[in-house]
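Heads up: the structure comes next, in structure tokens.
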Amino acid sequence: MTLRIGNFSGFYGDRSDALREMLTGGEVDVLTGDYLAELTMLILARDRLKDPSAGYARTFLRQLEETLGTAHERGVRIVTNAGGLNPAGLADAVRALAGRLGLPVRVAHVEGDDLTARHPGSLAAHAYLGGFGIAECLRAGADVVVTGRVTDAALVTGPAAAHFGWKPADHDRLAGAVVAGHVLECGAQATGGNYAFFTERDPRELRRPGFPLAEIHPDGSCVVTKHPGTGGFVDVGTVTAQLLYETGGARYAGPDVTARLDTVRLTQDGPDRVRIEGVRGEAPPPTLKVGRNRLGGFRNEVVFVLTGLDIEAKAALVREQMSDALAASPPVDVRWDLARTDRPDADTEETASALLRLVVRDPDQQKVGRVLSGAAIELALAGYPGFHVMAPPGKGSPYGVFEDVYVPQGDVGHVAVLDDGRRITVDPPHDTAVLDDVPPPAPPEPLPPGPTVRAPLGRVVGARSGDKGGNANVGVWARTDDAWRWLAHELTVERFRELIPEARELPVTRHALPNLRALNFVVEGILGEGVAAQARFDPQAKALGEWLRSRHADIPEVLL
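This note's numbering puts the first residue of the sequence shown at 1198, with every later residue one more than the last.
Have a look at this one:
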């Protein structure tokens, strides 16, 4: 009764040959492809503005052209959210492809997520649907299921619910599948990619990590693994890191179920095998999240290179000169950032240089276009000594803003559209529960006093960080019980703010997950209006956790 679900894509642009690799590398029943992120929806929305028949991930079709015959021959079903803003269009394209290849493939799709018409001014507004529409398609015999905006985990909960006959009230089983789906959704991040302790592995092992799969059992428990002979590795650390990625507190809410991350238990079940069990589920919230993408205006930037001596004075001079040039028609938002990448007595010009970045935003493209580019270039012979820029600024480009709003589950028409055109309405869940914060667990006993060493946090703990709209999360975990005893007391919200100065004036919430020996910090507003607005150096907070690991603390000698 075990269901083997694998992943072949973690984002739009992931490794193109992964679908073939997963089909031919070992036994698998269902393959899932995740193509959608907040930024991807904006990209697809802009594609659709140019061509109403667009709006889906065209790379999926190219992958499928080389593999659909193999999938059909092996009886492997494919479930993907590559439909983006136009799942019906992609489903038709897959049918046409199957016809050209002479394959009797049944294609279904899921719709109802598109709420753009209800949100004037949005390029795209889509509700995050659950997995039961996918389940209906699979129960009706679909070989390929295409969706639009569903939760990433729904790509796994849908096939699991169809295979095992789970109902909406099977909260614990569904929650187990949600956790499995969250581990699989980002592909190689579960098999050693982007892993904090990568230096402990043979570099040859990490040159080409394989993609993960989960052996899901009828009770919702699973084992995360990968195909034999593929690169990378799966251990408790890689799974822990992915579980913390882009999550918040102990309650991980979705449209089908709320999974309790504080109940997850991980054990190494052999080489490249991690068992996940004990996951408890609760009724889902009564509302669905809707991701809205809209144009925020226009942005432009220029990076001035400051070399050698008097870096601060050079930066002050160019700021004054540019401020004078922009004063007549100032943009709404002007941001300067000086990155001191320079070193004293450097043996290369590049390492003797700092970078001064100017970013401007305004609803009027003219204010960020020629006004900026002209002012910057006119300084070429009239600025600081050694004046040059990384690249001349352009005319300004549109930027997007991501916002999330919530609507009642019953206000969204979740529909499974079968290969023969029949439409099956998916009812919203009967049981729902408003989300409340879980009371913080009791901290572990602190380590006894002893000598300490000033060292980077990363000598003891791992981290993984990511974005949700304008917020970022930083998950931090320890690998031993003693390290957890120290971490739980050392890394308070106040200490986090000291180590990450950008967070000092922002709301920061700490969530403790003792089963994972982990803390999860949510920093509100650090990413401004989201990744598409590019408000900071690392607009998706991908490296925020690594910055935290590089900060120094007084670490007990016994942990080093």
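C-beta: ideal position from N, C-alpha, C; glycine also.
On a predicted model such as this, the values are computed, not experimentally measured, just so you know.
Anticipated Cβ contact below 8 angstroms, residue i with residue j, distance rounded
i: Leu-1294; j: Leu-1265; result: 7 angstroms
i: Val-1376; j: Val-1461; result: 6 angstroms
i: Met-1198; j: Pro-1415; result: 5 angstroms
i: Val-1342; j: Ala-1305; result: 5 angstroms
i: Trp-1674; j: Ala-1729; result: Wrong, their Cβ atoms sit about 30 angstroms apart, outside the cutoff.
i: Ala-1536; j: Ala-1513; result: That belief does not hold up - the Cβ atoms of Ala-1536 and Ala-1513 are roughly 16 angstroms apart, past 8 angstroms.
i: Thr-1455; j: Leu-1632; result: 7 angstroms
i: Arg-1152; j: Ala-1322; result: The chain is shown from 1198 up to 1757; residue 1152 falls before or after that span and cannot be answered.
i: Ser-1206; j: Gly-1230; result: 4 angstroms
i: Ala-1411; j: Ile-1202; result: 5 angstroms
i: Leu-1724; j: Ala-1660; result: Their Cβ separation, rounded to whole angstroms, is 17 angstroms, which puts Leu-1724 and Ala-1660 out of contact at 8 angstroms.
i: Ala-1216; j: Leu-1228; result: Rather than Ala, the amino acid found at residue 1216 in this sequence is Leu. Right, their Cβ atoms sit about 7 angstroms apart.
Per DSSP, the bridge partner or partners of residue i
i: Ser-1550; result: Thr-1504
i: Phe-1718; result: Val-1671, Arg-1707
i: Trp-1533; result: Leu-1555
i: Glu-1600; result: Arg-1489
i: Ile-1574; result: In DSSP, Ile-1574 forms no bridge with anything.
i: Gly-1478; result: Ala-1456
i: His-1306; result: Val-1343, Val-1614
i: Lys-1665; result: Asn-1668
i: Ala-1750; result: Ala-1652
i: Val-1658; result: Ala-1675
i: Thr-1484; result: Pro-1605
i: Ile-1473; result: Cys-1419, Leu-1463
Neighbour-count burial assignment, residue i, 16 or more Cβ in a 10 Å radius
i: Arg-1404; result: exposed
i: Tyr-1603; result: exposed
i: Leu-1440; result: buried
i: Gly-1618; result: exposed
i: Leu-1503; result: buried
i: Val-1755; result: exposed
i: Ser-1662; result: buried
i: Glu-1749; result: Note on residue identity: the sequence assigns His, not Glu, to residue 1749. That one is exposed.
i: Lys-1247; result: exposed
i: Val-1291; result: buried
i: Arg-1650; result: Before going on, a small fix: residue 1650 reads as Val here, not Arg. Label assigned to Val-1650: exposed.
i: Ala-1366; result: exposed
i: Pro-1528; result: buried
i: His-1627; result: exposed
i: Lys-1592; result: exposed
Residue i, enclosing beta strand (DSSP E) - first and last residue
i: Gly-1672; result: 1668 to 1675
i: Arg-1462; result: 1462 to 1465
i: Ser-1206; result: 1200 to 1206
i: Val-1273; result: From DSSP, Val-1273 is part of no beta strand (DSSP E); its letter is neither H nor E.
i: Leu-1241; result: Taken as a continuous stretch (DSSP letters only), Leu-1241 belongs to no beta strand (DSSP E), being part of the alpha helix (DSSP H) at 1235 to 1247.
i: Leu-1228; result: 1227 to 1230
i: His-1323; result: 1321 to 1324
i: Arg-1448; result: 1448 to 1450
i: Arg-1167; result: Here the chain covers residues 1198 to 1757 and nothing more, so residue 1167 does not appear.
i: Val-1635; result: That residue, Val-1635, is in no beta strand (DSSP E); it is neither H nor E in DSSP.
i: Val-1420; result: 1419 to 1423
Same chain, Cβ closer than 8 angstroms to residue i, neighbours up to 5 away in sequence not counted
i: Phe-1395; result: Gly-1389, Leu-1403
i: Arg-1540; result: Thr-1548, Ala-1549
i: Thr-1761; result: This structure cannot settle anything about residue 1761, because the visible part of the chain is limited to 1198 through 1757.
i: Leu-1287; result: Tyr-1253, Ala-1254, Phe-1257, Leu-1258, Ala-1279, Gly-1280, Gly-1281, His-1306, Val-1343
i: Val-1500; result: Leu-1552, Leu-1553, Arg-1554, Leu-1555, Val-1586, Met-1587, Ala-1588
i: Val-1817; result: Here the chain has residues from 1198 to 1757 only, and residue 1817 is not among them.
i: Thr-1629; result: Ala-1480, Pro-1481, Pro-1482, Pro-1483, Gln-1606
i: Ser-1250; result: Asn-1283, Gly-1286
i: Ser-1213; result: Thr-1256, Arg-1259, Gln-1260
Start-to-end residues for the alpha helix (DSSP H) that takes in residue i
i: Trp-1744; result: 1741 to 1747
i: Ile-1331; result: 1329 to 1336
i: Gly-1407; result: Here Gly-1407 belongs to no alpha helix (DSSP H), and DSSP marks it neither H nor E.
i: Lys-1564; result: 1562 to 1565
i: Thr-1437; result: 1433 to 1441
i: Pro-1356; result: 1351 to 1361
i: Ala-1372; result: 1368 to 1381
i: Ala-1685; result: 1678 to 1687
i: Thr-1221; result: 1215 to 1221
i: Arg-1292; result: 1284 to 1298
i: Arg-1692; result: 1690 to 1696
Beta-carbon proximity list for residue i, same chain, < 7 angstroms, skipping 5 on both sides
i: Pro-1637; result: Ala-1709
i: Glu-1262; result: Leu-1294
i: Arg-1682; result: Pro-1641, Glu-1642, Pro-1643, Leu-1644
i: Ala-1447; result: Arg-1457, Leu-1458, Asp-1459, Val-1635, His-1708, Leu-1710
i: Cys-1419; result: Gly-1373, Ala-1377, Ala-1411, Glu-1412, Ile-1413, Ile-1473
Residues near residue i in its chain [Cβ-Cβ closer than 6 angstroms; skip 5 each side]
i: Gln-1563; result: none
i: Gly-1330; result: Val-1307, His-1611, Ala-1613, Val-1623
i: Ala-1332; result: Gly-1355, Ala-1358, Ala-1359
Any non-hydrogen atom of the ligand MG closer than 7 angstroms to residue i Cβ
i: Asp-1678; result: Ligands in the displayed structure: none, and consequently the ligand MG is not present.
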